[in-house]
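In terms of our numbering, the numbers along the sequence shown are unbroken and rise by one, the last being 1172.
Input: a single structure, listed below in structure tokens.
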Amino acid sequence: MNGKAPALNRSVMTAVLLTLLLFPAVLLPGQAGASTWCGENGLIRFSFVEGDSLVSVLDTGEPVNGVTTFEVFAWLTDVDEVALDGEAFLHLGGMEFKLTITGAEAFILEQTFPSQALNVGQEMGHIAAGLHPGERIRGGKVLLVRWKVMIQGRPENIRLGLDPKGLMSCADLEGCPEGDPQALYVGNESSRHLGNMFGAGYVPSWINPTGEPDQTPVHGKQSWRDVGLFEER
């Protein structure tokens, strides 16, 4: 034997190590990680179509066999180009957030990621994932996760958003609780930003709204400019 692990196994092991480093509080509550709070940079948006032309309001039509089934994609968008000590922040190495669907009981049937990932979230819809080798941020946005969801009947006024109480890694990270982020994400090792943790806000999406849906962005309390660690590129 040559002692080399198969490529897939190395990818899995790397994702495991990344997740243990980035989100120890999810696995071992109360354990602080080696991360640095950087402030909010970007918004998570939901889309009901595949591809980067985002569609955030869905009319599902009539149910099939008594149920409504749909796909929804979560994207990190509106990311400002920033750098620290000359190193640009270009890749996503991990993320944590918790999906909320209100207005009806929803069942998440599938949850998939665009690259090799280890998710240690405590339930479907709770993401605390390390990514290997990481996802490139292009044009200020990057795909995070895809869900397939089922709801009984034809629901109306269903709101998709995020629950900031699901951010277990924020509690013991210096500066993070004051920033009150809705989601978290970090860089990757190759871009030398492993452990630099940003927050993100979100924009609500709606299914079968009966009036004009409220899509006011929900932000945290500190932007990356407020924290002052990174500079604009």
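Even glycine gets a Cβ: it sits at the ideal position worked out from N, Cα and C.
This structure is a prediction, so every number in the text was calculated from the model and none was measured.
At the level of alpha carbons, what is the spacing between residue i and residue j?
| i | j | result |
| --- | --- | --- |
| S950 | G1033 | Here S950 scores only 48 on pLDDT, less than 50, and its place in the model is too uncertain to base an answer on. |
| F1169 | Q1091 | 46 Å |
| A1027 | V1003 | 48 Å |
| E1171 | F1036 | 25 Å |
| L1029 | G1126 | 8 Å |
| A1067 | R1098 | 22 Å |
| Q1154 | S974 | 31 Å |
| W1163 | V1018 | 11 Å |
| G1100 | L1038 | 6 Å |
| D991 | L997 | 16 Å |
For residue i, which residues of its own chain have a beta-carbon under 6 Å away from its beta-carbon, when the five flanking residues on both sides are left out?
| i | result |
| --- | --- |
| H1158 | G1140 |
| M1089 | V1006, T1008, F1046, L1048 |
| F1137 | C977, N980, Y1124 |
| S1130 | L1029, H1030 |
| T1087 | It should be noted that the sequence gives Lys, not Thr, for residue 1087. Closer than 6 Å at Cβ, skipping near neighbours: E1010, L1048, E1049. |
| V1081 | L1015, L1031, E1074 |
| E1020 | R1172 |
| V988 | V994 |
Can you give me the start and stop residues for the alpha helix (DSSP H) that residue i sits inside?
| i | result |
| --- | --- |
| E1035 | Looking at the DSSP string, E1035 is not in any alpha helix (DSSP H); the run it does join, the beta strand (DSSP E), is 1030-1041. |
| G1246 | For residue 1246 there is no data in the structure shown, the boundaries of the chain being 940 and 1172. |
Please name the residue or residues paired with residue i in a DSSP beta bridge.
| i | result |
| --- | --- |
| I1076 | Its beta-bridge partners do not exist; DSSP assigns none. |
| N1058 | A1068 |
Which residue comes first and which comes last in the beta strand (DSSP E) that contains residue i?
| i | result |
| --- | --- |
| E1010 | 1006-1016 |
| G981 | 975-986 |
| E1095 | That residue, E1095, is in no beta strand (DSSP E); it is neither H nor E in DSSP. |
| A1166 | At residue 1166 the sequence reads Val, which differs from the Ala that was named. V1166 -> not in any beta strand (DSSP E); alpha helix (DSSP H) instead, spanning 1163-1166. |
| P1023 | Residue identity check: residue 1023 is Leu in the sequence provided, not Pro. Run containing L1023: 1021-1023, per the beta strand (DSSP E) assignment. |
| F1046 | 1045-1051 |
Here's a check: name, in chain order, each residue in its chain whose Cβ is nearer than 7 Å to the Cβ of residue i, leaving out the five neighbours to either side.
| i | result |
| --- | --- |
| C1109 | C1115, P1116, P1120, L1123 |
| Q1161 | G978, E979, E1117, G1118 |
| A1013 | I983, F985, L1083, V1084 |
| A1043 | I1090, P1094, I1097 |
Excluding sequence positions up to five away, which residues of its chain have a Cβ less than 8 Å from the Cβ of residue i?
| i | result |
| --- | --- |
| P968 | Bear in mind that the predicted position of P968 carries a pLDDT of just 39, short of 50, making it unreliable; the figure below should be weighed with that in mind. Excluding positions up to five away in sequence, the list reads M1107. |
| G1001 | Here residue 1001 turns out to be Glu, not Gly, going by the sequence shown. Result list for E1001: R1093, in chain order. |
Within 8 Å, do at least three Cβ pairs link the segment 1055-1062 to the segment 1003-1022? no
Any contact of the segment 1149-1163 with the segment 1045-1052, i.e. 3+ C-beta pairs under 8 Å?
no
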